[in-house]
Amino acid sequence: MNLTRWDPFRELELMNNRMQALFPPSMRRDDDAMLADWTPAIDVQENEAEYLVKADLPDIKKDDVKITIDDGVLSMEGERKQEKEEKDKKFHKVERVYGKFVRRMALPSDVDEGKVSAEFKDGVLHVHLPKAEHARPHTVDVKVM
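Quick note on numbering: the numbering used here labels position 58 of the sequence shown as 58, and the sequence is numbered without any gaps.
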């Protein structure tokens, strides 16, 4: 008979992972969600030259968004500020989420971090992550003799 040491914290972690699996990915809480009030939806696309991250940030000013790359991790942080109720303006329903957001993702190893660029247009943030030259596919002609 083998004896094993019981670790109650490991049991809690396993239970938490099982509970998280019950919910769709959009409803799961991750480490970033603990730091933020909401999480913007993102799309990640890839072509031969770059990766493109698109984040939906409606009603947010460009100056309220901060993008950083640190140790191979892309971070998008910011805040959507709520309008204040004024005397002549009443809110009958408020469904949109306000407050701080954080979204982080590990970058692929072939991203050229020195050439990353971003643009903000029509409430959508576009982060361009160019691939390094050595990582791009190329064709070599081989002559058969």
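Every residue gets a Cβ at the ideal spot worked out from N, C-alpha and C, and that includes glycine.
Quantities reported herein were computed from a predicted structural model and do not represent experimental measurements.
Asked, Found
"Using a threshold of 8 Å, state whether the C-beta atoms of residue 101 and residue 77 are closer than that.", "yes"
"In the DSSP output, what is residue 101 paired with across the bridge?", "38 and 78"
"Excluding five sequence neighbours on each side, which residues of the same chain lie with their C-beta closer than 6 Å to the C-beta of residue 107?", "72 and 74"
"With DSSP as the reference, label residue 125 as helix, strand or coil.", "strand"
"Cα separation between residue 119 and residue 10?", "43 Å"
"Please report the residue range of the alpha helix (DSSP H) in which residue 22 lies.", "Taken as a continuous stretch (DSSP letters only), residue 22 belongs to no alpha helix (DSSP H), as it is neither H nor E."
"Please name the residue, chosen from 142, 123, 144 and 140, that lies closest to residue 59 on a Cα-to-Cα basis.", "123"
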